[in-house]
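Data block below; observations after.
Protein chains in written order, with this note's numbering: chain E, 184 to 449; chain A, 286 to 597.
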């Protein structure tokens, strides 16, 4: 269980997150919504442990995440950033194998188990056939799916109901920069990964930030609505995504908000 | 990689031929002397400097996440050059300070200032600030170098200019042996860095979420890269283009995995500079051109070629 307790993040005088507390239960698919600048990306960074809050703390299984061993956390929690720019010309398999870093010693070379994990991850995202292609030559959707695979290959996937091994996947606006076709593709992939892992008895907990109301309402079982660094609503999509909430938070009139409201999952 | 190492090994017999063809046709003893006292240290220096600069180039490109970075981007060679020039011009006034040690001191100064500037924010080593600090150091030291040149007389200016061109005409094995411990330590750092550098190319945050200790990796990269560059520059002066040409060429052949690129770059860089050194010695025989001129002559067309490649 991943929890943020009274987290405040300030860059200079500006509070990007203001006393935010949320809990992410095991196996949930949580969507974080809010306008730009509401703190979505910052919240994800804090939850992932890459950003230290000015006050408050983040706990993973009731242990302060900043005190845990980096590699151990990396094996439990993987992040897919909004976009990834590779500085050098790596292949798809190289990128997938990068996720195996927390499983290897400083000078250890990848073994068959690592190759298998990376291949399985690529297969799960439908990109195994691309493994020898240069990452930079892929389409937007393919690139995003490879990054998701790279994150998946990080995680210890053990078929145990033990909470301590339940892996987490954090995605920052996974469909933001994509064409409609790829938006649908990636959204479907995330949903599928979440469902199939639950069905296999090794639930994957997913937290994603998004602008896409439809994505959030159709896939997420819990939605967190952020506005100016504060949580204004937290619950199932049907409760959180109301005309009132949307018009207030996003600053649009009720008349405009009503048709935008997707049919939420019951 | 074997192909890269072979030219290096093959170089020695080649030089043997050169030794005999270029030496005056007197007794063999002189040839042997030329070989062991002049040629071999020079080729060893070329190999060490070439390999070190190439590997350092890879490390800085990985640290700054930019394929255009060189070992000199962060101001180290400017500091070393300033140190050397100050020693050449003012050395007579100060107690005995060798040009080599002065250049190392200058490099150290540049490194410390750049590091202090870049780590002033407590969010780790920001690559942007590193770059800016490095560029600032480069300009600052260049200005100081110009100032020192203004103050120096004709002979001192000549010596300084020659040093700045990059010359492997080392005085025996001394400078090489002196720099060797630094190089070995730096190479140890490089070996550890190979995999973290791969992950750093995804971005600092992305590397961190995969378990990389980003701050430590950046520090090791910065200091071992600077150590290597400082040592190389102290031997042969600021020889340019090795640190950027070789990594690029190597990546074209072996791919982007730093675990291959680093060792391959070391060997190819060594071979490359040994070859350049041979060229510099024979192209205008009996004159021996500073090797920095040869690398620069190759460097210009190389960048042109790279630009043209990118367009197509």
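Beta carbons: idealized from backbone N, C-alpha and C, even for Gly.
All of these numbers come straight from a predicted model, not from anything done at the bench.
Between residue 191 (chain E) and residue 232 (chain E), is the Cβ-Cβ spacing less than 9 Å?
Taking the first residue of the first chain as 1, we reach residue 191 (chain E) at position 8. Taking the first residue of the first chain as 1, we reach residue 232 (chain E) at position 49. For residue 191 (chain E) and residue 232 (chain E), no; Cβs fall outside 9 Å.
Using 9 Å as the limit for Cβ to Cβ distance, is residue 308 (chain E) near chain A?
On the first chain, position 125 is the one that residue 308 (chain E) refers to. Not an interface residue.
Would you kindly report the start and end of the unbroken alpha helix (DSSP H) that includes residue 201 (chain E)?
Working through the first chain from its first residue, we reach residue 201 (chain E) at position 18. Residue 201 (chain E) -> not in any alpha helix (DSSP H); beta strand (DSSP E) instead, spanning 197-207.
Nonlocal neighbours in the same chain, by C-beta distance under 7 Å from residue 532 (chain A), ignoring five residues either side
In the second chain, counting from the first residue as 1, residue 532 (chain A) sits at position 247. So the qualifying residues of the chain are 339, 342, 343, 346, 546 and 550.
Quick one: is residue 269 (chain E) near chain A, going by C-beta distance under 9 Å?
Taking the first chain and counting its residues from 1, one reaches residue 269 (chain E) at position 86. Output row for residue 269 (chain E): interface = yes.
For a test of the three-state rule: what should DSSP assign to residue 359 (chain A), helix, strand or coil?
Here residue 359 (chain A) corresponds to residue number 74 of the second chain, with the count starting at 1. The answer is coil: DSSP assigns residue 359 (chain A) none of H, G, I, E or B.
Any chain E beta carbon closer than 9 Å to residue 497 (chain A):
Locating residue 497 (chain A) in the second chain gives position 212, where the first residue counts as 1. By this cut-off, residue 497 (chain A) is an interface position.
Can you pull the chain A neighbours of residue 272 (chain E), defined as C-beta to C-beta under 8 Å?
Along the first chain, read from residue 1 onward, the residue named residue 272 (chain E) stands at position 89. What residue 272 (chain E) touches in chain A: 536, 540 and 541.
Between the C-alpha atoms of residue 413 (chain E) and residue 243 (chain E), what's the straight-line distance to the nearest angstrom?
What you label residue 413 (chain E) is simply residue 230 of the first chain in a count that begins at 1. What you label residue 243 (chain E) is simply residue 60 of the first chain in a count that begins at 1. The alpha-carbon atoms of residue 413 (chain E) and residue 243 (chain E) are separated by roughly 21 Å.
Between residue 492 (chain A) and the ligand NAD, is there a pair consisting of the residue's CB and a ligand heavy atom that are separated by less than 8 Å?
Looking at this structure, you won't find the ligand NAD or any other ligand, since it has none at all.
Restricting to runs no shorter than 4 residues, where is the alpha helix (DSSP H) found entirely within the region 388-443 of chain A?
412-436
Three-state secondary structure (DSSP) of residue 320 (chain E)
Along the first chain, one-based indexing puts residue 320 (chain E) at 137. Of the three classes helix, strand and coil, the one that applies to residue 320 (chain E) here is helix, per DSSP.
Residue 554 (chain A) to residue 527 (chain A), Cα distance in whole Å?
The residue labelled residue 554 (chain A) in the question sits at position 269 within the second chain. The residue labelled residue 527 (chain A) in the question sits at position 242 within the second chain. About 7 Å.
Should the region 423-443 of chain E be regarded as contacting the region 374-394 of chain E, the criterion being three or more beta carbon pairs within less than 8 Å?
no
Please report the residue range of the alpha helix (DSSP H) in which residue 552 (chain A) lies.
Mapped onto the second chain, residue 552 (chain A) falls at position 267. Looking at the DSSP string, the run of the alpha helix (DSSP H) that includes residue 552 (chain A) is 543-567.
Can you give me the C-alpha to C-alpha distance between residue 480 (chain A) and residue 542 (chain A), rounded to a whole angstrom?
In the second chain, counting from the first residue as 1, residue 480 (chain A) sits at position 195. In the second chain, counting from the first residue as 1, residue 542 (chain A) sits at position 257. Taking the straight line joining both Cα atoms gives about 8 Å.
Taking its Cβ as the centre, do 16 or more other Cβ atoms sit within 10 Å of residue 292 (chain E), making it buried, or is it exposed?
Numbered from 1 along the first chain, position 109 holds the residue referred to as residue 292 (chain E). Classification of residue 292 (chain E): exposed, given that the 10 Å Cβ count is below 16.
Should residue 448 (chain A) go down as buried or exposed, given a rule of 16 or more other Cβ atoms within 10 Å for buried?
The residue labelled residue 448 (chain A) in the question sits at position 163 within the second chain. Residue 448 (chain A) should be labelled buried.
How about residue 584 (chain A) and residue 530 (chain A): are their beta carbons less than 9 Å apart?
Here residue 584 (chain A) refers to the residue found at position 299 of the second chain. Here residue 530 (chain A) refers to the residue found at position 245 of the second chain. Yes, the Cβ-Cβ distance between residue 584 (chain A) and residue 530 (chain A) is below 9 Å.
Residue range of the alpha helix (DSSP H) that includes residue 277 (chain E):
Indexing the first chain from 1 puts residue 277 (chain E) at position 94. From DSSP, the alpha helix (DSSP H) with residue 277 (chain E) extends over 275-281.
Interface residues of chain E around residue 487 (chain A) at Cβ under 7 Å?
Locating residue 487 (chain A) in the second chain gives position 202, where the first residue counts as 1. Within 7 Å Cβ-Cβ: 267, 269 and 281.
Over the uninterrupted alpha helix (DSSP H) stretch that includes residue 380 (chain E), give me the two end residues.
Indexing the first chain from 1 puts residue 380 (chain E) at position 197. That run of the alpha helix (DSSP H) goes 363-382.
Tell me whether residue 413 (chain E) sits in a helix, a strand or coil according to DSSP, three-state version.
On the first chain, residue 413 (chain E) is found 230 positions in, with the first residue counted as 1. Correct three-state label for residue 413 (chain E): strand.
Status (buried if at least 16 other CB within 10 Å, exposed otherwise) for residue 483 (chain A)
Here residue 483 (chain A) is taken as the residue at index 198 of the second chain, counted from 1. Buried: at least 16 other Cβ atoms inside 10 Å.
Stretch-stretch touch, CB-based, cutoff 8 Å, three pairs: the region 332-340 of chain E with the region 277-287 of chain E
yes
Test: residue 503 (chain A) CB closer than 9 Å to a CB of chain E:
To locate residue 503 (chain A), count along the second chain from 1; it is residue 218. Chain E contact via Cβ: absent.
Can you list the alpha helix (DSSP H) stretches of 4 or more residues lying completely in the region 240-303 of chain E, in chain order?
253-259 and 275-281
Report buried or exposed for residue 469 (chain A), applying the criterion of at least 16 other Cβ atoms within 10 angstroms of its Cβ.
By 1-based counting over the second chain, the position of residue 469 (chain A) is 184. Label assigned to residue 469 (chain A): exposed.
What three-state label does DSSP hand residue 358 (chain E) in the structure shown?
Start at 1 with the first residue of the first chain, and residue 358 (chain E) comes out as number 175. Looking at residue 358 (chain E) - three-state DSSP - the assignment turns out to be coil, as it is neither helix nor strand.
Please check if any C-beta of chain E sits within less than 9 Å of the C-beta of residue 476 (chain A).
Here residue 476 (chain A) refers to the residue found at position 191 when the second chain is read from its first residue. At least one chain E Cβ lies under 9 Å of residue 476 (chain A).
Evaluate contact between the region 353-361 of chain E and the region 252-264 of chain E, counting only Cβ atoms and requiring at least three cross-stretch pairs below 8 Å.
yes
With a threshold of 16 other CB atoms inside 10 Å of the CB of residue 538 (chain A), please say whether the residue is buried or exposed.
The count along the second chain starts at 1 and reaches residue 538 (chain A) at position 253. By the neighbour-count rule (16 or more Cβ atoms within 10 Å), residue 538 (chain A) is not buried but exposed.
Comparing alpha-carbon positions, which option in A:385, A:369, A:399 and A:411 lies nearest residue 502 (chain A)?
Here residue 502 (chain A) refers to the residue found at position 217 of the second chain. Minimum Cα distance to residue 502 (chain A) is reached at A:411.
Is it true that the region 389-400 of chain E meets the region 317-337 of chain E, where meeting means three or more beta-carbon pairs spaced less than 8 Å apart?
no
How would you call residue 204 (chain E), buried or exposed, if buried means at least 16 neighbouring beta carbons within 10 angstroms?
Here residue 204 (chain E) refers to the residue found at position 21 of the first chain. Exposed, because fewer than 16 other Cβ atoms sit within 10 Å of the Cβ of residue 204 (chain E).
Anything in the region 313-344 of chain E with a Cβ closer than 7 Å to a Cβ of chain A? List those residues in chain order, please.
337
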